[in-house]
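J.: Quick one: structure below, then a few questions.
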Amino acid sequence: MIIVANWKMHPGTEREALRLFEATKKIVAARKGVTVIVAPPALYIRACAAKRKGLFLAAQNATIEDDGAHTGDISFTQIKDAKATYVILGHAERRACGETDEQIRAKVAGALRAGLVPIVCVGESIRDENGAQFDTVRSQLRAAFAEVPAAKVNSVIIAYEPVWAIGAAKPMNPRDMHEMSIFIRKTLIDLYSGGQKPVKIAPTILYGGAMDASHVKDMHEGGDVSGFLVGRASVDATTFSELIKSI
Ligand code: PGA
-8 MIIVANWKMH PGTEREALRL FEATKKIVAA RKGVTVIVAP PALYIRACAA
42 KRKGLFLAAQ NATIEDDGAH TGDISFTQIK DAKATYVILG HAERRACGET
92 DEQIRAKVAG ALRAGLVPIV CVGESIRDEN GAQFDTVRSQ LRAAFAEVPA
142 AKVNSVIIAY EPVWAIGAAK PMNPRDMHEM SIFIRKTLID LYSGGQKPVK
192 IAPTILYGGA MDASHVKDMH EGGDVSGFLV GRASVDATTF SELIKSI
């Protein structure tokens, strides 16, 4: 089971970040079989990494270029140098700032080249009874995997996060997630079926959006997912501890 703790822009100081990181470490140490990847604000990655025993670190975004005149951006090389091993790409909150599928395509390829594991977020803003969500997710996946060679397809983690569930009161229902998991696998199988050598498609699919302890069991059993991308419930040691205990 993989849990990505997406701290977003919390907490306000490095001291608090290290306190939360230490608490997270204790919570996770008591649980076997759970891989926890903490994605703090980039400024805290290095300090957390120095104390990372038992946890992994992710950046919340990166730029495509390796260096140069890109004020305010951070590169994959810098992320690696700070000792993160994962990078979240295409989060809905980045897409809302104007990030395009085209940029995400280049970022996924760049992350793999740099030796980082991309955690690619996909998800629709609205669902309708005609299945508009499937068109959205298919085109996001096609773009994200456009430059991913067959040998690397299973190295990319996919976080399905319906935009309407992020920050909401409750997650989507597990049956709909199960359907989406099948759809994601089928889309990747279709994408990679034309090659010379058959590829075994076994993607790691996470669910994200309003996850907390009370929904872990149902979503894990019913949603056909390998884990969760957790926002709010990961920035408070009590709610995170409850979530990890519920696994
Ligand atoms: P949430 O955020 O768990 O607070 O809904 C999830 C996310 O955006 O990663």
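First residue of the sequence shown? That's -8 in our numbering, and the numbers climb one at a time after it.
Each residue gets a CB set at the ideal place from its N, CA and C atoms; glycine is no exception.
(1) Taking the alpha carbon of Arg85 as the point to measure from, which residue in Val190, Cys112, Lys42, Gly158 has its own alpha carbon closest?
(2) Three-state secondary structure (DSSP) at Cys88?
(3) Got a sec: does the ligand PGA put a non-hydrogen atom nearer than 7 Å to the Cβ of Ile235?
(4) Per DSSP, what kind of secondary structure is Ala49 in: helix, strand or coil?
(5) Look at the alpha carbon of Pro165 and the alpha carbon of Lys23, and state the distance between them as a whole number of angstroms.
(6) If you reduce the DSSP assignment to three classes, tell me which class Val139 lands in.
(7) Can you give me the C-alpha to C-alpha distance between Ile(-7) and Val108, rounded to a whole angstrom?
(8) Which two residues bound the contiguous alpha helix (DSSP H) that contains Thr315?
(9) Going by C-alpha to C-alpha distance, which of Val139, Leu46, Gly214, Ser232 sits closest to Ile326?
(10) With a 10 Å radius around its C-beta and 16 neighbouring C-beta atoms as the bar for buried, classify Thr229 as buried or exposed.
(11) Going by DSSP, what residue range makes up the beta strand (DSSP E) through Val147?
(12) Using a Cβ distance threshold of 8 Å, determine whether the segment 147 to 156 contacts the segment 189 to 201, with at least three qualifying pairs required.
(13) Could you check how far apart the C-beta atoms of Arg129 and Thr178 are, in whole angstroms? I think they sit under 8 Å.
(14) Would you check whether the ligand PGA has a heavy atom nearer than 7 Å to the C-beta of Val29?
(15) Can you name the residues that DSSP bridges to Cys112?
(16) Taking the C-alpha atoms as reference points, what is the distance between Asp119 and Ala134?
(17) Examine the Cβ distances between the segment 181 to 189 and the segment 203 to 222 and report whether three or more of them are shorter than 8 Å.
(18) Can you have a look at Leu11 and say buried or exposed, based on whether 16 or more other CB atoms are within 10 angstroms of its CB?
(19) Consider the C-beta atom of Ala(-4) and the heavy atoms of the ligand PGA; say whether any pair is separated by less than 7 Å.
(20) Out of Asp167, Ala(-4), Lys74, state which residue places its alpha-carbon closest to the alpha-carbon of Ile110.
(21) Would you decide whether Glu62 is buried or exposed? Buried here means 16 or more other CB atoms lie within 10 Å of its CB.
(22) Could you tell me which residues DSSP pairs with Val78 in its beta bridges?
(23) Kindly give me the distance between the Cβ atoms of Ala33 and Lys74, rounded to whole angstroms, as I take these residues to be in contact under 8 Å.
(24) Is there at least one non-hydrogen atom of the ligand PGA closer than 7 Å to the beta-carbon of Arg6?
(25) Have a look at Tyr77 and Ala8 and give me their C-alpha separation to the nearest angstrom.
T.: This is what the structure gives:
(1) On the sequence shown, residue 85 is found 94 positions in, with the first residue counted as 1. Comparing Cα-Cα distances from Arg85 to each of Val190, Cys112, Lys42, Gly158, the minimum goes to Cys112.
(2) Indexing the sequence shown from 1 puts residue 88 at position 97. Reduced to three states, the DSSP call for Cys88 is coil.
(3) Numbered from its first residue, the sequence shown carries residue 235 at position 244. The answer is no for Ile235.
(4) Residue 49 sits at position 58 when you count from the first residue of the sequence shown. In the structure shown, Ala49 sits in a strand (DSSP, three-state: E or B).
(5) Locating residue 165 in the sequence shown gives position 174, where the first residue counts as 1. Locating residue 23 in the sequence shown gives position 32, where the first residue counts as 1. Approximately 24 Å, taken between the alpha carbons.
(6) Taking the sequence shown and counting its residues from 1, the one referred to as residue 139 is at position 148. Val139: coil per DSSP, three-state reduction.
(7) By one-based count along the sequence shown, residue -7 stands at place 2. By one-based count along the sequence shown, residue 108 stands at place 117. Straight-line Cα distance between these residues: approximately 13 Å.
(8) An answer regarding residue 315 cannot be provided, because it is not within the stretch -8 to 238 covered by the chain.
(9) Nothing about residue 326 can be read from this structure; the chain reaches only from -8 to 238.
(10) Against the sequence shown, residue 229 aligns to sequence position 238. Looking at its Cβ environment, which holds fewer than 16 other Cβ atoms inside 10 Å, Thr229 is exposed.
(11) If you number the sequence shown from 1, residue 147 lands on position 156. That residue, Val147, is in no beta strand (DSSP E); it is neither H nor E in DSSP.
(12) yes
(13) Position 138 of the sequence shown, counting from 1, holds the residue named residue 129. Position 187 of the sequence shown, counting from 1, holds the residue named residue 178. Indeed, because the Cβ distance is near 5 Å, the residues count as touching under 8 Å.
(14) Here the question's residue 29 lines up with position 38 in the sequence shown. No.
(15) Along the sequence shown, read from residue 1 onward, the residue named residue 112 stands at position 121. Its beta-bridge partners are Ala150.
(16) Translated into positions along the sequence shown, residue 119 becomes position 128. Translated into positions along the sequence shown, residue 134 becomes position 143. Each residue's alpha carbon lies about 22 Å from the other.
(17) Using a Cβ-Cβ distance cut-off of 8 Å, the segment 181 to 189 and the segment 203 to 222 are not in contact, since fewer than three pairs of beta carbons, one from each stretch, lie closer than that value.
(18) As a position in the sequence shown, residue 11 is number 20, starting the count at 1. Buried is the call here.
(19) Your numbering for residue -4 matches position 5 in the sequence shown. Ala(-4): no, Cβ never under 7 Å from the ligand PGA.
(20) In the sequence shown, residue 110 corresponds to position 119, counting from 1. Minimum Cα distance to Ile110 is reached at Ala(-4).
(21) In the sequence shown, residue 62 corresponds to position 71, counting from 1. A quick correction: the sequence has Thr, not Glu, at residue 62. Counting Cβ neighbours within 10 Å, Thr62 comes out exposed, since fewer than 16 surround it.
(22) Mapped onto the sequence shown, residue 78 falls at position 87. DSSP lists Ala50, Pro109 as partners of Val78.
(23) Residue numbering aside, residue 33 sits at position 42 when the sequence shown is read from its first letter. Residue numbering aside, residue 74 sits at position 83 when the sequence shown is read from its first letter. 12 Å between Cβ atoms; not a contact.
(24) Sequence index remark: in the sequence shown, residue 6 carries index 15 (1-based). No, the Cβ of Arg6 stays beyond 7 Å of every heavy atom of the ligand PGA.
(25) Locating residue 77 in the sequence shown gives position 86, counting from the first residue. Locating residue 8 in the sequence shown gives position 17, counting from the first residue. Taking the straight line from one Cα to the other gives about 18 Å.
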